[in-house]
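Chemist: This is the structure, below, for whatever I ask next.
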Amino acid sequence: MSANVSGVKHTRGFDVIKPLSIGVMVAVMLPLVLLPLASIFIFGTSKGLPSFWHALVEPEAIFALKLSFVTSFWATLFNIIFGLFAAYILSRYTFWGRNAIIVIISIPTAIPTAVAGFALLLLWGPYGLLGRFLPLDMQIMFTPYAIILANIFVTFPLAFGVIMPVLETMSRSLEEASATMGASRWQTFWHVTLPSLRGAIVGGALLTFARAVGEFGSTILVSGNLAGRTQTAPLYIFSKFNEGQVEAANAVAIVLALFSFVIFSVLFFARDWLEAD
Amino acid sequence: MDVLLAAVNLAACLPGPTTGNGQGVVITLYGFSIMKEPLEKAIFPAFAAKWRAEHGVNVSFITSFAGSETVTNQILQGAPADVAILAIERDADKLVQGGATKDDWRSRPNGGIVNKTPFIILVRKDDPKQISDFPDLGKPGIQIIHPDPTSSGGAQWSILAIYGSELEKSQAKTGTQDPARAQNLLASIWRNVISTPGSAREARTGFETGYGDALITYELEGLSMKQAGDPIDIVVPKATIYSEHPAVMIDRNMSAEKRSVVEAFVDYLWSDEAQQAFVKYHFRSVTNETFNDANPEFAKIEMPFTVQLFGGWDKAYPDIIQNIFVNQVKSK
Chain F
153 MSANVSGVKH TRGFDVIKPL SIGVMVAVML PLVLLPLASI FIFGTSKGLP
203 SFWHALVEPE AIFALKLSFV TSFWATLFNI IFGLFAAYIL SRYTFWGRNA
253 IIVIISIPTA IPTAVAGFAL LLLWGPYGLL GRFLPLDMQI MFTPYAIILA
303 NIFVTFPLAF GVIMPVLETM SRSLEEASAT MGASRWQTFW HVTLPSLRGA
353 IVGGALLTFA RAVGEFGSTI LVSGNLAGRT QTAPLYIFSK FNEGQVEAAN
403 AVAIVLALFS FVIFSVLFFA RDWLEAD
Chain Y
1429 MDVLLAAVNL AACLPGPTTG NGQGVVITLY GFSIMKEPLE KAIFPAFAAK
1479 WRAEHGVNVS FITSFAGSET VTNQILQGAP ADVAILAIER DADKLVQGGA
1529 TKDDWRSRPN GGIVNKTPFI ILVRKDDPKQ ISDFPDLGKP GIQIIHPDPT
1579 SSGGAQWSIL AIYGSELEKS QAKTGTQDPA RAQNLLASIW RNVISTPGSA
1629 REARTGFETG YGDALITYEL EGLSMKQAGD PIDIVVPKAT IYSEHPAVMI
1679 DRNMSAEKRS VVEAFVDYLW SDEAQQAFVK YHFRSVTNET FNDANPEFAK
1729 IEMPFTVQLF GGWDKAYPDI IQNIFVNQVK SK
């Protein structure tokens, strides 16, 4: 009898556990993730597609989306280059303080984003530690640069976190072979190390970008939240919601939801190509 | 910075601002949450047209709206405001004390107050919980949305409205004010608060979404909700406060050239044109009561009072908000 327990699916030709477990999984996801997302789409389009489109082509809405994408682009570019650089150094050399640096790079993950925002204000604000020495026309806070700085801070660990483990587990034999054949350190990095990091770099960049586009807590503190000037898409959504213009807020929210759907689809389906050697 | 900005613009098309691009004067205004409609729909366009006609210069506006205390703190942290319109005088004083401005804002007409509106109670259509005045809000089972007094000026007005209404009523009845009664009412109402959003406007959005049986707020919020067809009723308390809203010019870092335009704009807020625009968007005029009589939507209030009942904000904040509300009511 007991021997048959594991053979249930063979004797009946049908594995009950499979549909059951899938059902449970979807049932758990439904109220936690799927329905909240669905409600954005339902409310965003409840007054018809023309009114959705109208809300979306508002100059302030378009500006907010553009500003989010541009500031996130620069933050991503910086964090990818720095993340690659830091991961390379930390995986190749051991030195005093190495572990401390790894921990410090990871800290922004657990810091509330509002704290990141006012930390930047306390440093770079017009009355901040360093900001007070900047001339008036070179102030950083309450400009798009402040948004880039905030994005860099909150997404700092992401690209590094994706690249570092790949570098650490990478076989050294190819690099060693390259060096034996007379390649310079730079040639080895450019032709051997970097190509095998392709997947990690693209993955890290998409994660960083997606996270930066959705950033809210730090941006609202450092940007000044001026409509059409320093108001990013998440701030626009928040302001419109507060004004009671739920459709306008939802229209932009739908764009952000579709955007993250695209990003993570790319991550998922391009995995084979990205991880090929 | 300009060179860097140009480089960033070229490299990744950092979007140009939607208003005030390069030419003319740009005025940056930070306002408390409910000021948005009259300014953006009526007063900005009218002032810009007037200034262009008189001086041939384009004026455009960029804005940010949030709870009054939030706006004040943003400006104190260095946010680039030229004008602030605030929910309470105390915030205007904070801007002066914090060094953001040297503006002698009280020297303008009506002591620097640009408009006013009484505090009323919003209830669901046909008043299913039978709320007819502030004391009904303290009954068990009533759920109230009330903005957070630490970030919202409207929330502080609401607390003064509740507390002051009992002082006025006891005064009318017995000839002396009864602070104990007033504090009891405030405490019983606060026990029924289920959510404290950051601004009066956020509280309204929460109420519109269906939370709570009642919302204490500016009369104009109720009138604009009725205009939008929301299923609500306005309950006018027998005794309630008029909230009065100051405008301040933020002259830290302001060029002389810009100053003349900003000053003209601030003065314009007391013009008949602007005051009538406020009335159109449900605020009450402070310069001319006949403007208000012309608007039949405005409720008649039996026993109206102002912050002067408490001796002005200099006394009302420490005595009522801090000492009675924060230290005694909220902490329980």
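Chains as they are written, first to last, in my numbering: chain F, 153 to 429; chain Y, 1429 to 1760. Note that CB positions come from ideal geometry on N, CA and C, so glycine has one too.
1) Taking CB distances under 8 Å as the criterion, tell me whether valine 1754 of chain Y reaches chain F.
2) At what residues does the beta strand (DSSP E) containing tyrosine 1458 of chain Y begin and finish?
3) Can you tell which of Y:Asp1564, Y:Val1454, Y:Gln1502 has the C-alpha that lies nearest to the C-alpha of phenylalanine 1493 of chain Y?
4) So, helix, strand or coil for lysine 1469 of chain Y, using DSSP?
5) If the cut is a Cβ gap below 9 Å, which residues of chain Y does proline 309 of chain F touch?
6) Taking 7 Å as the cut-off, does the CB of phenylalanine 312 of chain F come closer than this to any heavy atom belonging to the ligand GDP?
7) Pairs of beta-carbons, one from the region 360 to 372 of chain F and one from the region 245 to 265 of chain F, closer than 8 Å: are there three or more?
8) So what does DSSP say about asparagine 1543 of chain Y, is it helix, strand or coil?
9) Along the alpha helix (DSSP H) that carries alanine 268 of chain F, what are the first and last residues, could you check?
10) Please tell me whether proline 171 of chain F has its Cβ less than 8 Å away from any Cβ of chain Y.
11) For tryptophan 1698 of chain Y, which option in Y:Lys1708, Y:Asn1716, Y:Ala1481, Y:Pro1625 has the closest C-alpha, if you only look at C-alpha atoms?
12) What in chain F is Cβ-close to asparagine 1486 of chain Y, meaning under 8 Å?
13) State the Cα-Cα distance for the pair glutamine 1756 of chain Y and arginine 1632 of chain Y, rounded to the nearest angstrom.
14) Considering just the uninterrupted stretch of the beta strand (DSSP E) at leucine 1643 of chain Y, what are its terminal residues?
15) Exposed or buried, what is phenylalanine 237 of chain F when buried is set at 16 or more other beta-carbons lying within 10 Å of its beta-carbon?
16) Quick one: is phenylalanine 393 of chain F near chain Y, going by C-beta distance under 8 Å?
17) Residues of chain Y with CB closer than 7 Å to the CB of proline 278 of chain F, please, in chain order.
18) Comparing the C-beta of leucine 273 of chain F with each C-beta of chain Y, is any distance below 8 Å?
19) Is there contact between the region 1510 to 1517 of chain Y and the region 394 to 413 of chain F, where contact requires at least three CB pairs shorter than 8 Å?
20) In this structure, does DSSP put proline 1732 of chain Y in helix, strand or coil?
21) Should phenylalanine 294 of chain F be flagged as near chain Y, meaning a C-beta pair shorter than 8 Å?
22) Output, in chain order, the set of chain Y residues within a Cβ distance shorter than 9 Å of leucine 301 of chain F.
23) For glutamine 1505 of chain Y versus leucine 410 of chain F, is the C-beta spacing smaller than 8 Å?
24) Cutting at 8 Å between CB atoms, please list the residues of its own chain near leucine 326 of chain F, excluding the five before and the five after it.
25) Closest by CA to alanine 1675 of chain Y, which one among Y:Gly1638, Y:Asp1531, Y:Ala1481?
26) Report the three-state DSSP secondary structure of phenylalanine 230 of chain F (helix, strand or coil).
27) Along the chain, which unbroken stretches of the alpha helix (DSSP H) at least 4 residues long are found entirely within the region 384 to 422 of chain F?
28) Please report the distance separating the alpha-carbon of lysine 1553 of chain Y from that of glycine 1657 of chain Y.
29) Would you mind reading off the limits of the beta strand (DSSP E) that contains tyrosine 245 of chain F?
30) Is there contact here, the region 1662 to 1682 of chain Y with the region 1559 to 1566 of chain Y, by at least three beta-carbon pairs under 8 Å?
31) If we count the other Cβ atoms within 10 Å of its Cβ and call it buried at 16 or more, is methionine 290 of chain F buried or exposed?
32) Which one or two residues does DSSP pair with aspartate 1661 of chain Y in a beta bridge?
33) Anything in the region 362 to 378 of chain F with a Cβ closer than 8 Å to a Cβ of chain Y? List those residues in chain order, please.
34) At 9 Å on the CB atoms, spell out the chain F contacts of serine 1461 of chain Y, in chain order.
35) Would you mind stating whether alanine 1512 of chain Y and isoleucine 1678 of chain Y have Cβ atoms separated by less than 8 Å?
36) For the region 1641 to 1672 of chain Y, which residues have a CB atom closer than 7 Å to at least one CB atom of chain F, in sequence order?
Modeler: The relevant details are as follows:
1) The count along the second sequence starts at 1 and reaches residue 1754 of chain Y at position 326. No, because no Cβ of chain F sits closer than 8 Å to the Cβ of valine 1754 of chain Y.
2) Here residue 1458 of chain Y refers to the residue found at position 30 of the second sequence. Element bounds for tyrosine 1458 of chain Y: 1453 to 1460.
3) Translated into positions along the second sequence, residue 1493 of chain Y becomes position 65. When only C-alpha atoms are compared, the closest one is Y:Gln1502.
4) For the purposes of this step, residue 1469 of chain Y is taken as residue 41 along the second sequence, with counting starting at 1. Here lysine 1469 of chain Y sits in helix by DSSP.
5) Mapped onto the first sequence, residue 309 of chain F falls at position 157. Within chain Y, no residue comes near proline 309 of chain F; the closest Cβ sits about 24 Å away, beyond 9 Å.
6) Ligands displayed in this structure: none; no statement on the ligand GDP is therefore possible.
7) yes
8) On the second sequence, position 115 is the one that residue 1543 of chain Y refers to. In the structure shown, asparagine 1543 of chain Y sits in a strand (DSSP, three-state: E or B).
9) Start at 1 with the first residue of the first sequence, and residue 268 of chain F comes out as number 116. Its alpha helix (DSSP H) spans residues 265 to 276.
10) Here residue 171 of chain F refers to the residue found at position 19 of the first sequence. Cβ-Cβ to chain Y under 8 Å: no for proline 171 of chain F.
11) Residue 1698 of chain Y sits at position 270 when you count from the first residue of the second sequence. Measuring from the Cα of tryptophan 1698 of chain Y, the nearest candidate turns out to be Y:Asn1716.
12) The residue given as residue 1486 of chain Y occupies position 58 in the second sequence. Within 8 Å Cβ-Cβ: nothing; asparagine 1486 of chain Y doesn't reach chain F, min ~16 Å.
13) Walking along the second sequence from the start, residue 1756 of chain Y turns up at place 328. Walking along the second sequence from the start, residue 1632 of chain Y turns up at place 204. The C-alpha of glutamine 1756 of chain Y lies about 27 Å from the C-alpha of arginine 1632 of chain Y.
14) The count along the second sequence starts at 1 and reaches residue 1643 of chain Y at position 215. Note, leucine 1643 of chain Y: beta strand (DSSP E), 1642 to 1646.
15) Walking along the first sequence from the start, residue 237 of chain F turns up at place 85. With fewer than 16 Cβ atoms within 10 Å of its Cβ, phenylalanine 237 of chain F is classed as exposed.
16) Sequence index remark: in the first sequence, residue 393 of chain F carries index 241 (1-based). Yes, contact with chain Y.
17) To locate residue 278 of chain F, count along the first sequence from 1; it is residue 126. Those within 7 Å of proline 278 of chain F in chain Y are Gly1506.
18) Residue mapping note: residue 273 of chain F aligns to position 121 of the first sequence, counting from 1. Yes, because at least one Cβ of chain Y sits closer than 8 Å to the Cβ of leucine 273 of chain F.
19) no
20) The sequence position of residue 1732 of chain Y within the second sequence is 304, counting from 1. In this structure, proline 1732 of chain Y counts as strand in the three-state DSSP scheme.
21) On the first sequence, position 142 is the one that residue 294 of chain F refers to. By this cut-off, phenylalanine 294 of chain F is an interface position.
22) Translated into the one-based positions of the first sequence, residue 301 of chain F becomes position 149. By Cβ distance, chain Y contributes nothing, its closest Cβ being about 13 Å from leucine 301 of chain F, past 9 Å.
23) Numbered from its first residue, the second sequence carries residue 1505 of chain Y at position 77. Numbered from its first residue, the first sequence carries residue 410 of chain F at position 258. No, the pair does not count as a contact, with Cβ atoms beyond the cut-off.
24) Locating residue 326 of chain F in the first sequence gives position 174, where the first residue counts as 1. Excluding sequence neighbours, leucine 326 of chain F sits near Val344, Ser348.
25) Translated into the one-based positions of the second sequence, residue 1675 of chain Y becomes position 247. That would be Y:Asp1531, whose Cα lies nearest to the Cα of alanine 1675 of chain Y.
26) As a first step, residue 230 of chain F must be located in the first sequence, where it is residue number 78. Helix.
27) 385 to 394, 398 to 421
28) Taking the first residue of the second sequence as position 1, residue 1553 of chain Y is located at position 125. Taking the first residue of the second sequence as position 1, residue 1657 of chain Y is located at position 229. Whole-angstrom Cα-Cα distance: 11 Å.
29) Within the first sequence, the letter at position 93 stands for residue 245 of chain F. Here tyrosine 245 of chain F belongs to no beta strand (DSSP E), and DSSP marks it neither H nor E.
30) yes
31) Residue 290 of chain F sits at position 138 when you count from the first residue of the first sequence. So methionine 290 of chain F counts as exposed.
32) Numbered from 1 along the second sequence, position 233 holds the residue referred to as residue 1661 of chain Y. Aspartate 1661 of chain Y pairs with Y:Val1551.
33) Gly376, Asn377, Leu378
34) As a working mapping, residue 1461 of chain Y is identified with position 33 in the second sequence. What serine 1461 of chain Y touches in chain F: Asn394, Glu395.
35) Working through the second sequence from its first residue, we reach residue 1512 of chain Y at position 84. Working through the second sequence from its first residue, we reach residue 1678 of chain Y at position 250. Taking 8 Å as the Cβ cut-off, alanine 1512 of chain Y and isoleucine 1678 of chain Y qualify as a contacting pair.
36) none
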